[in-house]
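Q: Mapping the sequence shown onto my numbering, position 240 (from 1) lands on 245, and the numbers just tick up by one. Cβ coordinates follow ideal geometry from the N, Cα and C atoms, glycine included. Okay, here's the structure, questions in a sec.
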Amino acid sequence: MNESGCSPKLPVQAEGQRAPRGGLRGWFGRQSIRVKINAITLVYVTIILSLLAIAAFASSLNNGVRAFAQGESLWSKAQKDAVHYLMRYAQLRDENDYQKYLREIAIPLGDRAGRLELHKPSYDYAVVERGFVAGGNAPEDVPYMVSLYRRFHNIGDLKRAIAIWNEADVQILQLIETADQIHAAITAGRLSAQRERQLLDRVEQINARLTPIEIRFTATLGEAARRMRVLVLMVIVGFALALLGGGLALSTWISRQLRTGLMTLRAGTRRVAEGDLSLQIPVTTQDEIGDLTLAFNDMIAHRRRAEGQLKHTLSVLSTTLESTADGIIVVDLAGRIVCFNQRFVELWEIPKSVMLTGDGNLVQLEVARKFEDPEAFLNKFRALYAAVEQESFELLQLKDGRVFERNSRPQRIDGTVIGRVCSFRDVTERKQAEAHIQKMAHHDALTQLPNRALLMDRLDMALEQARRNGSLVALLMLDLDHFKNINDSLGHSAGDQLLRTVAARLSGCARKTDTVARMGGDEFVIVLTDVKNRDTVERIVQAMVEEVSAPIVIESHELVVTPSIGISVFPDDGAHATGLLKSADTAMYQAKAQGRGNYQWFAPRMMLAVDERLELEHGLRRALERREFSLDYQPLVSIKTGQVVGSEALIRWHHPRRGTVLPRSFIPLAEETGLIIPIGAWVLRQACIEGKRLQAQLGKPLIISVNISTRQFRQDNLLRTVEDVLEESGLPPHTLVLEITESALAANPQETAAVLKNIRDLGVRIAVDDFGTGYSSLSYITRFPIDLLKIDASFVRDLIEDQSDAAITSAIIALAHSLKLEVVAEGVETQAQLAFLRERVCNEAQGFYFGKPVPAAQFSTLAGQIDRAANDGSAASALAGVG
Numbered sequence: 006m007n008e009s010g011c012s013p014k015l016p017v018q019a020e021g022q023r024a025p026r027g028g029l030r031g032w033f034g035r036q037s038i039r040v041k042i043n044a045i046t047l048v049y050v051t052i053i054l055s056l057l058a059i060a061a062f063a064s065s066l067n068n069g070v071r072a073f074a075q076g077e078s079l080w081s082k083a084q085k086d087a088v089h090y091l092m093r094y095a096q097l098r099d100e101n102d103y104q105k106y107l108r109e110i111a112i113p114l115g116d117r118a119g120r121l122e123l124h125k126p127s128y129d130y131a132v133v134e135r136g137f138v139a140g141g142n143a144p145e146d147v148p149y150m151v152s153l154y155r156r157f158h159n160i161g162d163l164k165r166a167i168a169i170w171n172e173a174d175v176q177i178l179q180l181i182e183t184a185d186q187i188h189a190a191i192t193a194g195r196l197s198a199q200r201e202r203q204l205l206d207r208v209e210q211i212n213a214r215l216t217p218i219e220i221r222f223t224a225t226l227g228e229a230a231r232r233m234r235v236l237v238l239m240v241i242v243g244f245a246l247a248l249l250g251g252g253l254a255l256s257t258w259i260s261r262q263l264r265t266g267l268m269t270l271r272a273g274t275r276r277v278a279e280g281d282l283s284l285q286i287p288v289t290t291q292d293e294i295g296d297l298t299l300a301f302n303d304m305i306a307h308r309r310r311a312e313g314q315l316k317h318t319l320s321v322l323s324t325t326l327e328s329t330a331d332g333i334i335v336v337d338l339a340g341r342i343v344c345f346n347q348r349f350v351e352l353w354e355i356p357k358s359v360m361l362t363g364d365g366n367l368v369q370l371e372v373a374r375k376f377e378d379p380e381a382f383l384n385k386f387r388a389l390y391a392a393v394e395q396e397s398f399e400l401l402q403l404k405d406g407r408v409f410e411r412n413s414r415p416q417r418i419d420g421t422v423i424g425r426v427c428s429f430r431d432v433t434e435r436k437q438a439e440a441h442i443q444k445m446a447h448h449d450a451l452t453q454l455p456n457r458a459l460l461m462d463r464l465d466m467a468l469e470q471a472r473r474n475g476s477l478v479a480l481l482m483l484d485l486d487h488f489k490n491i492n493d494s495l496g497h498s499a500g501d502q503l504l505r506t507v508a509a510r511l512s513g514c515a516r517k518t519d520t521v522a523r524m525g526g527d528e529f530v531i532v533l534t535d536v537k538n539r540d541t542v543e544r545i546v547q548a549m550v551e552e553v554s555a556p557i558v559i560e561s562h563e564l565v566v567t568p569s570i571g572i573s574v575f576p577d578d579g580a581h582a583t584g585l586l587k588s589a590d591t592a593m594y595q596a597k598a599q600g601r602g603n604y605q606w607f608a609p610r611m612m613l614a615v616d617e618r619l620e621l622e623h624g625l626r627r628a629l630e631r632r633e634f635s636l637d638y639q640p641l642v643s644i645k646t647g648q649v650v651g652s653e654a655l656i657r658w659h660h661p662r663r664g665t666v667l668p669r670s671f672i673p674l675a676e677e678t679g680l681i682i683p684i685g686a687w688v689l690r691q692a693c694i695e696g697k698r699l700q701a702q703l704g705k706p707l708i709i710s711v712n713i714s715t716r717q718f719r720q721d722n723l724l725r726t727v728e729d730v731l732e733e734s735g736l737p738p739h740t741l742v743l744e745i746t747e748s749a750l751a752a753n754p755q756e757t758a759a760v761l762k763n764i765r766d767l768g769v770r771i772a773v774d775d776f777g778t779g780y781s782s783l784s785y786i787t788r789f790p791i792d793l794l795k796i797d798a799s800f801v802r803d804l805i806e807d808q809s810d811a812a813i814t815s816a817i818i819a820l821a822h823s824l825k826l827e828v829v830a831e832g833v834e835t836q837a838q839l840a841f842l843r844e845r846v847c848n849e850a851q852g853f854y855f856g857k858p859v860p861a862a863q864f865s866t867l868a869g870q871i872d873r874a875a876n877d878g879s880a881a882s883a884l885a886g887v888g
């Protein structure tokens, strides 16, 4: 260190290089310390042998005695000072006193280290020199001390002095041991007054023992010195000045070389200790000091690279720690916080000031407040922390509803656990999603009622419990009557709202132990558990019928839907879930057959009706391939002229066992099973083919009307089918009328309008069949490309007797004319009905008054009769027997 308190500025040298040196100085610099010492010895021997060997030898001994005498003085003073500073440190607790003690005690320890090395048969001079120099001896005195000790340590007074010195070393070691105990107790904060007194008493005792030892050592060494001085004075007479001058000059030069290397190395070491890793100490010699300097430079370079890598690694780890979505905290075994990331603070909403205290206990308390039972959490955490080797994973439910995953594992260094790392992840949304998925897997998405899977599970449990308890279980199969009409007319949104309302009403009627489930569509299943008798079931069912049948307002429409309910009872109607469901389903269809809006108990006889329906469905599936269908044609008559202007194609099924089956018996079944699609396509094709033939027979452009079902209308290939049929049959497009119900128009108005426009672009006309029976009749006819309206027969049938039907019929005709649409009245059976329609200027009519539907082969004859009767002007009498 220079006077300014800074380390000397050292030149920077490349790693691993030695400074090149020339001449004698360079040669000497390349030699080892041992060679240098041997060179000094050789010089002195040469001088002594040349001049006066005895004088030189005596001088050397004198110097050694002097050095040991000086060392003893330093040793004694340092020991006293060390005791002084140690006792003051124990009393005042001032760390500076302890550091002073360490500096003073280093002098006796240095002397001891040098002596111990010298006492070895083969000693290391560098170790000896460092020891004696640390003991306060001048470096140039070390050789003399070595020589004196090695030659005379077993002789006379010097042997006794060394023995006394070794005895003092024992006391010095005890003093050091006591000092270590004092320092450890003060550092740990556990030095009580009693313990302090005990340790200070021991120091005083050691000091008391050292004093007579030092006195004896001084006396013995003094006697040895006196004798040696006498000897030296006798030896050095005449030669002292010459030998001393030459020897001192040479030893000074050599020691300066060593000292320069050591001081340079020490200065560099201090600079490195202060953090200057850019330093490279110049290598001026090739001895051990030079090797040490090279190794030191390599070590600094390695440390510089290691610190660069460490900084890079720490940067990556820090960035990774802050980038993760998990909250992470590391705590050591003493409960102190080692590190944490910002995500941890955000997850647990802990004040940053608490985290910065480093107190893990405070953080535990903050975390515990987030739970319903903080003490339970703390107990669990302490138990986990006590098992230092244990890894742990668990879900934590916070009182604010959040859910965290906690993963805790021990932190190890070289296999030793030094702390614990805990990571926390907010999985609230994931758990909510899993719960939602779990619910969706067992509940209907629209009504939130149990679905079929959950229903079957609960039904099986109810049956098992009933078997044990000997109780009954009732199963209700409920279907909404004419629900399809609501979907078709008001749209699926209204239908969904209706289903949710019905689901809520059914749940309100059921008991807590019962299950209300939606099977799909408009079908519900209710499981009534722990039923004592059928009267209980009947009361619940009656309440459900009344609740469901109550008016429901949807989109400003007041709707009334009725349920058809089938009831089966365990164990009478089935021993297992499948059997009960089948029995309830059979009873439900029986309720529909009884006029809907009622409930029926299952009875074995009902299976006959089910079997009959299955037989009918099976036969219907094979009717097309067996060519069991045919078409009848009902005349369409102009009210103004009485002439036949067209016909409506009506399908007939000629069952091999049942005979002719009318559409009302099988068309609903075809709609339900989807068979209406191929059947409807066959009807359209057959009607066009036969219609073309009838036009040729009658010699006029006879209109052919064909009914298109709702499901058929929704087929993407309807337009292509119409085009193909017209091309195949040759029927003029303007003579084809497609009759579509209002329910088909109501669903998806925009798509419907596009389909109708494309059909009309072919030249085909569009009629609305059964007009007036839908939910929103008047609101749709202005939106779509329509050519004519067909008044439903239900209005025509009673229009003479019922003023409401007459008013509705008149309004429909007037509305159609105002929109420039033609009107066809269905179901005309009397002259009075015809006269009413003629008076209102209805365009066309059809019904039994003109003729019943007949096969194509008979239609020409029927049409001829109607036309002739109209020409004769005696239509009333002529038509009475037609058909």
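Tell me the rounded alpha-carbon separation between Pro556 and Lys597.
A: Between Pro556 and Lys597, the C-alpha separation is close to 20 angstroms.
Q: Going by beta carbon distance, what residues of the same chain come within less than 6 angstroms of Ser397, once the five residues before and after it are set aside?
A: The residues are Leu389 and Ser413.
Q: Look at the alpha carbon of Ala381 and the alpha carbon of Phe345, and state the distance between them as a whole number of angstroms.
A: Ala381 and Phe345: Cα-Cα distance of roughly 24 angstroms.
Q: Between Ala173 and Gln84, what straight-line distance do the alpha-carbon atoms span, to the nearest angstrom?
A: Approximately 10 angstroms, taken between the alpha carbons.
Q: Considering only DSSP beta bridges, list what Trp658 is partnered with.
A: Its beta-bridge partners are Phe634 and Val666.
Q: Distance, Cα to Cα, Glu831 vs Thr506?
A: Each residue's Cα considered, the two are about 37 angstroms apart.
Q: Check this for me: beta carbons of Gln639 and Gly777, under 8 angstroms apart or not?
A: Contact: no.
Q: Checking 8 angstroms against the spacing of the C-beta atoms, do Leu826 and Val833 come in under that value?
A: No, the pair does not count as a contact, with Cβ atoms beyond the cut-off.
Q: To the nearest angstrom, how far is it from the Cα of Ile191 to the Cα of Val343?
A: Rounded to the nearest angstrom, the two C-alpha atoms are 26 angstroms apart.
Q: With a threshold of 16 other CB atoms inside 10 Å of the CB of Arg120, please say whether the residue is buried or exposed.
A: Arg120 is buried by the Cβ-count criterion.
Q: State buried or exposed for Pro148, treating a residue as buried only when at least 16 other CB atoms are found within 10 Å of its CB.
A: When all chains shown are included, Pro148 counts as buried.
Q: So the candidates are Leu178, Arg472 and Met239; which of them puts its Cα closest to the Cα of Leu114?
A: When only C-alpha atoms are compared, the closest one is Leu178.
Q: What does the Cβ neighbour count give for Val565, buried or exposed, with the cut at 16 atoms within 10 Å?
A: By the neighbour-count rule (16 or more Cβ atoms within 10 Å), Val565 is not buried but exposed.
Q: Might you give, ordered along the chain, the residues of its own chain that have their beta carbon closer than 6 angstroms to the beta carbon of Gly886, omitting 5 neighbours on each side?
A: The predicted position of Gly886 is uncertain, since its pLDDT is 38 and thus under 50; no value can be drawn from it.
Q: May I have the straight-line CA-CA distance separating Asp872 from Ile818, to the nearest angstrom?
A: In a straight line, the C-alpha of Asp872 is about 25 angstroms away from that of Ile818.
Q: Since Phe575 sits in a beta bridge, which residues does DSSP pair it with?
A: Phe575 is bridged to Val478.
Q: For the alpha helix (DSSP H) holding Asn412, just list the boundary residues, first then last.
A: Premise fails: Asn412 lies in the beta strand (DSSP E), Val408 to Ile418, not in any alpha helix (DSSP H).
Q: Could you tell me the boundaries of the alpha helix (DSSP H) in which Asp174 lies?
A: Gly161 to Ala193 is the extent of the alpha helix (DSSP H) around Asp174.
Q: Return the CA-CA distance between Ser781 and Ala499, expressed in angstroms with no decimal places.
A: Reliability of the predicted coordinates at Ser781 is poor, the pLDDT of 46 falling under 50, and the value obtained from them is presented with this limitation in mind. Answer to the nearest angstrom: the Cα atoms are 13 angstroms apart.
Q: Closest by CA to Gly602, which one among Asp527, Lys587, Arg510 and Leu485?
A: The shortest Cα separation from Gly602 among Asp527, Lys587, Arg510 and Leu485 belongs to Leu485.
Q: What's the C-alpha gap between Asp465 and Thr534?
A: Taking the straight line from one Cα to the other gives about 11 angstroms.
Q: Does the Cβ of Lys914 have 16 or more other Cβ atoms within 10 Å, making it buried, or fewer, making it exposed?
A: Absent from the model: residue 914. The displayed extent of the chain is 6 to 888, so no value can be given.
Q: By the three-class DSSP mapping on this structure, what secondary structure does Gly332 have?
A: Correct three-state label for Gly332: strand.
Q: Going along the chain, which residues of its own chain have a beta-carbon closer than 7 angstroms to the beta-carbon of Phe349, five neighbours each way excluded?
A: Excluding sequence neighbours, Phe349 sits near Gly332, Ile333, Ile334 and Phe429.
Q: As a quick exercise: from Val532, Gln851, Asp405 and Val711, pick the residue whose alpha carbon is nearest that of Ile796.
A: With distances taken between Cα atoms, Ile796 lies closest to Gln851.
Q: For Asp758, which residues in the same chain have their Cβ closer than 6 angstroms to its Cβ, ignoring the five residues on either side in sequence?
A: According to the sequence shown, residue 758 is Ala rather than Asp. Within the same chain, Ala758 has close Cβ partners Phe789.
Q: Here's a check: name, in chain order, each residue in its chain whose Cβ is nearer than 6 angstroms to the Cβ of Glu109, leaving out the five neighbours to either side.
A: Hits under 6 angstroms: Ala83, Asp86 and Ala87.
Q: Could you check whether Arg716 and Ile684 sit closer than 8 angstroms to each other, using their CB atoms as the reference points?
A: No, the Cβ-Cβ distance between Ile684 and Arg716 is not below 8 angstroms.
Q: Please list, in chain order, all residues of the same chain as Val432 whose beta carbon is under 6 angstroms from its beta carbon, the five residues on each side excluded.
A: Counting only Cβ-Cβ distances below 6 angstroms, and skipping sequence neighbours, we find Val408 and Glu410.
Q: Count the other C-beta atoms from every protein chain shown that fall within 10 angstroms of the C-beta of Asp185, then say buried if there are 16 or more, exposed otherwise.
A: Asp185 should be labelled exposed.
Q: Cα-Cα, which of Gln808, Phe800, Asp810 and Asp775 is closest to Leu793?
A: The shortest C-alpha separation from Leu793 is found at Asp775.
Q: Could you please give the first and the last residue of the uninterrupted alpha helix (DSSP H) stretch that includes Ala392?
A: Where Ala392 is concerned, there is no enclosing alpha helix (DSSP H), given that its DSSP letter is neither H nor E.
Q: Out of Val277, Glu312 and Arg310, which one is the CA nearest neighbour of Thr298?
A: When only C-alpha atoms are compared, the closest one is Val277.
Q: What is the DSSP secondary structure of Arg725, reduced to helix, strand or coil?
A: Of the three classes helix, strand and coil, the one that applies to Arg725 here is helix, per DSSP.
Q: Going by the beta-carbon positions, is the gap between Ser554 and Phe607 smaller than 8 angstroms?
A: The answer is no: Cβ separation not under 8 angstroms.
Q: For the segment 82-131, list the alpha helix (DSSP H) runs that are entirely contained and at least 4 residues long, ordered along the chain.
A: You should have 100-123.
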